[in-house]
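Chemist: After the structure tokens below, expect a handful of questions from me.
2 protein chains.
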Amino acid sequence: MLETFKALAEPSRLQIVDLLFREPLPVGAVAERLGIRQPQASKHLRALSEAGLVEVRPEAQRRIYALRAQPFQELDRWLERYRTLLDQQFERLDAVLEDMQTARKSAKGKANPGRRPAQR
Amino acid sequence: MLETFKALAEPSRLQIVDLLFREPLPVGAVAERLGIRQPQASKHLRALSEAGLVEVRPEAQRRIYALRAQPFQELDRWLERYRTLLDQQFERLDAVLEDMQTARKSAKGKANPGRRPAQR
DNA sequence: TGAGAATATTCCAGTCAAGGAATCAACCGG
DNA sequence: CCGGTTGATTCCTTGACTGGAATATTCTCA
Chain A
1 MLETFKALAE
11 PSRLQIVDLL
21 FREPLPVGAV
31 AERLGIRQPQ
41 ASKHLRALSE
51 AGLVEVRPEA
61 QRRIYALRAQ
71 PFQELDRWLE
81 RYRTLLDQQF
91 ERLDAVLEDM
101 QTARKSAKGK
111 ANPGRRPAQR
Chain B
1001 MLETFKALAE
1011 PSRLQIVDLL
1021 FREPLPVGAV
1031 AERLGIRQPQ
1041 ASKHLRALSE
1051 AGLVEVRPEA
1061 QRRIYALRAQ
1071 PFQELDRWLE
1081 RYRTLLDQQF
1091 ERLDAVLEDM
1101 QTARKSAKGK
1111 ANPGRRPAQR
């Protein structure tokens, strides 16, 4: 996970990932479309490769780079854990609101039990 | 997105995020649990705060840090785009396999039209 | 107001990563 | 086997980030 974040924490590399999502490309095409020089493109692709975000397929004298699915799946699983964050915050808000209500009047039933329509 | 990745591309900060997911904490507690010194904890929390990953709530002379949901939602939306990656790769594999088959014999129907049971 | 707790900031030194330029290496076709 | 194309590597310099240590700041409470 850390390595994935490190790899994505650089503007050119983030752009490269976006590019390669559309279609696999050789180094030259990546450099050209990003407006960077070939050696930098090569370096960034190397970094992405070492992070496992990208794979190479030699084709003639060119090297075609393509995204790998695995890191994105892992990122997805990591994020899974945090998908409950919104709900948690709503619950906390509920608690605060109820405190205020009970402080002013007396306790009543829950105001809105079905507020969130369940994500996805 | 870039700023989020930058913020998460550091071991201590990634740990802090994991910590704060469980419960909001004051600086001292973060430092103690990570085994780092208070000033570093403060610095990392500042970085996370500037990246919008975290928010502060002063409480007496302490400052309670808590995760913010928004960046995680954005990360989720960003990732959305890449959730199709697996399918794409399966399709590409299908194409290759079919090429091999038609090359050896003659064309038949698709071998397995319902392979993936639809994510989620 | 003054002491003490909790946190933030500053300064410094060491490290690392990125871009630039030049060069090297691999591979194709004739 | 040679020339040309494509990509990788090296060396260098510079800027950014990190941890350490010391210090400043903020806030509470007596």
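Chains as they are written, first to last, in this note's numbering: chain A, 1 to 120; chain B, 1001 to 1120. Using N, Cα and C, we set each Cβ at its ideal position, and we do this for glycine too. All figures in this text were calculated on a predicted structure; none of them were measured in a lab.
Which term fits A:Arg122, buried or exposed, when burial requires 16 or more other beta carbons within 10 angstroms of its beta carbon?
Modeler: The question about residue 122 of chain A has no answer, for chain A in this structure spans 1 to 120.
Chemist: When the Cβ atoms of the region 36–50 of chain A are set against those of the region 1039–1056 of chain B, are three or more pairs found closer than 8 Å?
Modeler: They do not touch, by the three-pair rule.
Chemist: With 8 Å set as the bound, which would you pick, yes or no: does the beta-carbon of A:Pro11 sit closer than that to a beta-carbon of chain B?
Modeler: Sequence index remark: in the first sequence, residue 11 of chain A carries index 11 (1-based). Chain B, which has a Cβ nearer than 8 Å to the Cβ of A:Pro11, makes this yes.
Chemist: Please list the residues of the region 48–66 of chain A that have a C-beta atom closer than 8 Å to any C-beta atom in chain B, keeping them in chain order.
Modeler: The residues in question: there are none.
Chemist: For A:Arg22, decide whether its Cβ has a neighbour in chain B, counting only Cβ atoms nearer than 8 Å.
Modeler: Position 22 of the first sequence, counted from the start, is the residue given in the question as residue 22 of chain A. No, because no Cβ of chain B sits closer than 8 Å to the Cβ of A:Arg22.
Chemist: Less than 8 Å between the C-beta atoms of A:Arg77 and A:Leu53, yes or no?
Modeler: In the first sequence, the residue the question calls residue 77 of chain A occupies position 77. In the first sequence, the residue the question calls residue 53 of chain A occupies position 53. No, they are not a contact pair.
Chemist: Below 9 Å on C-beta distance, what does B:Leu1002 contact in chain A?
Modeler: For the purposes of this step, residue 1002 of chain B is taken as the residue at position 2 of the second sequence. Neighbours of B:Leu1002 on chain A, chain order: Leu8, Ala9, Glu10, Pro11, Leu14.
Chemist: By a C-beta neighbour count over all protein chains shown, 10 Å radius and 16 as the cutoff for buried, is B:Arg1057 buried or exposed?
Modeler: Walking along the second sequence from the start, residue 1057 of chain B turns up at place 57. Classification of B:Arg1057: exposed, given that the 10 Å Cβ count is below 16.
Chemist: Using a C-beta cutoff of 8 Å, does B:Leu1025 count as contacting chain A?
Modeler: Position 25 of the second sequence holds residue 1025 of chain B. Output row for B:Leu1025: interface = no.
Chemist: Listing by chain order, which chain B residues have their CB less than 8 Å from the CB of A:Arg83?
Modeler: Taking the first residue of the first sequence as 1, we reach residue 83 of chain A at position 83. Residues of chain B passing the Cβ test: Phe1072, Asp1076.
Chemist: Got a sec: is the Cβ-Cβ distance from A:Leu45 to anything in chain B below 8 Å?
Modeler: Residue mapping note: residue 45 of chain A aligns to position 45 of the first sequence, counting from 1. So no, A:Leu45 is outside the interface.
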